[in-house]
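Under UniProt numbering, think of the first position of the sequence shown as 1, with each following residue one higher. Backbone N, C-alpha and C define an ideal beta-carbon position, used for all residues, glycine too. Quick caveat, the model's predicted, so the values are computed rather than measured.
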Amino acid sequence: MKNMDVMLLSTSCIQSQLMKELLSESLGPSVSLVNQQTLTYHDWNRPALILVDLANLPDSSQPWEEYLRSMKDHISTVLLNTQESISAQKLLQWPNVYGYFSHYEDQETLIKGLAKVLEGEYWIPHSMLIEMLLYLQSIKPITTTSIELTSREIDVLNLLSNNKSNTEIANELFVSEHTIKSHLYKAFKKINVKNRMQAKRWARCNLPLYEN
């Protein structure tokens, strides 16, 4: 993971500024501080490692979370200040996740773990890796010989199954409401449903859901 931009995604506050300075001094590469708004304006001309500070970010689904998922070919993530009970499903929502640190982790362990991640290693307990593998094996295929959904159609159906309106889906995916209607029309034809209720039921039975 050399030659990567390293960014701390957090709110702009004293604690996050101190965290940024500590990480920059301890890890070598300079760490930049970004928030939910400035993140979406970043120029992704180099791969990036995003340190997601969950303690200082909203805990509900937000548009910037979907934006991160859309940038999965350019970024890797590490979660900071997670709850002790984080699940494999929740962890796998984050693009190319390389590790996580709970809110009670001491400074020495945090620096050691992040240094390992920067060397290209994972900082995930063996038990969690097994849980992640079992979860991935349990997911039903999202395409069949007769149904081939695009990645964006899958995103839209997943959000629809989480009871999002067309306006909310459009905001999360940074597209127009007309575009969402077009995706839904094409997806409905592919999965052979006639309305949103049927589409929700199909998605919940056939697609891995994003956990809120």
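Check, Outcome
"Where Met7 sits in the DSSP three-state scheme", "strand"
"Same chain only: Cβ atoms within 7 Å of Cys13, ignoring 5 sequence neighbours per side", "Asn56"
"Rounded C-alpha distance that separates Ile180 from Asn3", "37 Å"
"Chain-order list of residues whose beta-carbon lies under 6 Å from that of Val6 (same chain, five-residue window excluded)", "Pro29, Val31, Leu49"
"Spatial distance of Leu157 from Ser16 (CA atoms)", "35 Å"
"Pro95 beta carbon less than 7 Å from that of Asn171", "no"
"Between the CA atoms of Ser161 and Ala201 - distance to the nearest angstrom", "In the sequence under discussion, the amino acid at residue 201 is Arg, which differs from the Ala named in the question. Roughly 7 Å between the two C-alpha positions."
"In DSSP terms, what Gly99 is bridged to", "Val78, Trp123"
"Anticipated Cβ contact below 8 Å, Leu80 with Leu51, distance rounded", "6 Å"
"Run of the beta strand (DSSP E) containing Val156, from where it starts to where it stops", "Taken as a continuous stretch (DSSP letters only), Val156 belongs to no beta strand (DSSP E), being part of the alpha helix (DSSP H) at 151–161."
"Burial state of residue 213, where buried means 16 or more other Cβ atoms lie within 10 Å", "Since the first residue of the chain shown is 1 and the last is 212, residue 213 is not available in this structure."
"Cβ pair count under 8 Å reaching 3, the segment 39–48 against the segment 123–135", "no"
"Separation of Leu9 from Trp123, as counted between CA atoms", "19 Å"
"Proximity below 7 Å, CB of Leu54 to CB of Thr77", "no"
"The beta strand (DSSP E) enclosing Val117, as first and last residue numbers", "Counting along the chain, Val117 falls outside any beta strand (DSSP E), though it belongs to the alpha helix (DSSP H) covering 107–118."
"Neighbourhood of Glu66 by C-beta, 7 Å cutoff - its chain only, sequence neighbours within 5 removed", "Glu172, Leu173"
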